[in-house]
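Residue numbers (my numbering), protein chains in the order written: chain A, 1 to 118; chain B, 1 to 117.
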Amino acid sequence: NAGVTQTPKFQVLKTGQSMTLQCAQDMNHEYMSWYRQDPGMGLRLIHYSVGAGITDQGEVPNGYNVSRSTTEDFPLRLLSAAPSQTSVYFCASSYLLPLTGGWNTEAFFGQGTRLTVV
Amino acid sequence: AQKVTQAQTEISVVEKEDVTLDCVYETRDTTYYLFWYKQPPSGELVFLIRRNSFDEQNEISGRYSWNFQKSTSSFNFTITASQVVDSAVYFCALVPASGQGAQKLVFGQGTRLTINP
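Here it is as structure tokens:
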């Protein structure tokens, strides 16, 4: 199993350009998310999806779009890149299973995409 | 609102010392999950442990142990007899339960741990 695959691993964009970060998972997980990691701030949630056709905003959604047409894919689109979007981006997928007394869940992360906007 | 605080930005110790990474969380949910992830210099995120809020048992896995205390909203991580390979950034994270999956993790700021030979 490949798990969660992100492409590209590295990207340099000019201010104003648009691009799509790809994310695919082969674990048949219902849930998928995009995070950005900035120094000293941990990871922050950009957008997430609880199933095909359903997406919602996280903590820092401005400047990003997502769609979820299939269970496997969850691309992140930068509409007009800005230097403030220079960051490392992580895609994650997760499951939710009932167990006695509660639930079982875990997030699996891709390798990350290092994006620089100049 | 959910919040996770890792007050220690950086820790540096000599190999074989024990080290504890602190994690304090805030949530109004009565059930929730807590996680620890390791990010080695190569950059990927490695899952270490998940703890459900209704399970307050501490856990030990080899040189790693976790102390979950609901009364103080803390979920601390201890590495015993540290090794150079433990050098990484460690993240504590929280997700509310109530039927939700881990699609909305709230991360702490991370603690950069350096183990010197």
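Beta carbons: idealized from backbone N, C-alpha and C, even for Gly.
Just so you know, these numbers come straight off a predicted model, no measurement behind them.
Short CB-CB distance (under 8 Å) between residue i and chain A
| i | result |
| --- | --- |
| residue 109 of chain B | yes |
| residue 77 of chain B | no |
| residue 1 of chain B | no |
| residue 104 of chain B | yes |
| residue 28 of chain B | no |
| residue 91 of chain B | yes |
| residue 25 of chain B | no |
| residue 50 of chain B | yes |
| residue 68 of chain B | no |
N-terminal and C-terminal residue of the beta strand (DSSP E) that residue i is part of
| i | result |
| --- | --- |
| residue 96 of chain B | 88 to 96 |
| residue 91 of chain A | 87 to 99 |
| residue 36 of chain A | 31 to 37 |
| residue 20 of chain B | 19 to 21 |
| residue 69 of chain B | 64 to 69 |
| residue 59 of chain B | 59 to 61 |
| residue 45 of chain B | Run containing residue 45 of chain B: none; DSSP gives neither H nor E here. |
| residue 19 of chain A | 19 to 25 |
| residue 43 of chain A | 43 to 51 |
| residue 56 of chain A | 54 to 57 |
| residue 56 of chain B | From DSSP, residue 56 of chain B is part of no beta strand (DSSP E); its letter is neither H nor E. |
| residue 116 of chain A | 113 to 117 |
| residue 62 of chain A | No beta strand (DSSP E) holds residue 62 of chain A; DSSP gives it neither H nor E. |
Beta-carbon contacts of residue i that lie in its chain and below 8 Å, excluding the five residues immediately before and after
| i | result |
| --- | --- |
| residue 184 of chain B | Beyond the ends of chain B as shown, which are 1 and 117, falls residue 184 of chain B; an answer cannot be given. |
| residue 103 of chain A | 96 and 97 |
Nonlocal neighbours in the same chain, by C-beta distance under 6 Å from residue i, ignoring five residues either side
| i | result |
| --- | --- |
| residue 38 of chain A | 87 |
| residue 71 of chain A | 52 |
| residue 40 of chain B | 88 |
| residue 83 of chain A | 117 |
| residue 7 of chain A | 22 |
Backbone CA spacing between residue i and residue j [nearest angstrom]
| i | j | result |
| --- | --- | --- |
| residue 90 of chain B | residue 83 of chain B | 15 Å |
| residue 57 of chain A | residue 114 of chain A | 22 Å |
| residue 72 of chain B | residue 24 of chain B | 8 Å |
| residue 5 of chain A | residue 28 of chain A | 13 Å |
| residue 15 of chain A | residue 58 of chain B | 49 Å |
| residue 26 of chain A | residue 2 of chain A | 7 Å |
| residue 80 of chain A | residue 111 of chain A | 24 Å |
| residue 109 of chain A | residue 11 of chain A | 19 Å |
| residue 2 of chain B | residue 33 of chain B | 12 Å |
| residue 17 of chain A | residue 76 of chain A | 14 Å |
| residue 75 of chain B | residue 52 of chain B | 11 Å |
| residue 107 of chain A | residue 61 of chain A | 20 Å |
| residue 102 of chain B | residue 28 of chain B | 17 Å |
| residue 108 of chain B | residue 42 of chain A | 6 Å |
| residue 35 of chain B | residue 48 of chain B | 7 Å |
is_contact[residue i, chain B] using C-beta, thresh 8 Å
| i | result |
| --- | --- |
| residue 158 of chain A | With chain A running from 1 to 118 in the structure shown, residue 158 of chain A is simply not present. |
| residue 58 of chain A | yes |
| residue 111 of chain A | yes |
| residue 115 of chain A | no |
| residue 12 of chain A | no |
| residue 34 of chain A | no |
Rounded distance between the beta-carbons of residue j and residue i, thought under 8 Å
| i | j | result |
| --- | --- | --- |
| residue 97 of chain B | residue 106 of chain B | The Cβ separation is near 13 Å, so there is no contact. |
| residue 94 of chain A | residue 74 of chain A | Going by Cβ atoms, the distance from residue 94 of chain A to residue 74 of chain A rounds to 12 Å, so no, they are not a contact pair. |
| residue 80 of chain B | residue 65 of chain B | 7 Å |
| residue 143 of chain A | residue 68 of chain A | Coverage of chain A is limited to positions 1 through 118, which leaves residue 143 of chain A absent and any answer about it impossible. |
| residue 33 of chain A | residue 45 of chain A | 6 Å |
Neighbourhood of residue i by C-beta, 7 Å cutoff - its chain only, sequence neighbours within 5 removed
| i | result |
| --- | --- |
| residue 63 of chain B | 79, 80 and 81 |
| residue 85 of chain A | 63, 78, 115 and 117 |
| residue 59 of chain A | 44 and 45 |
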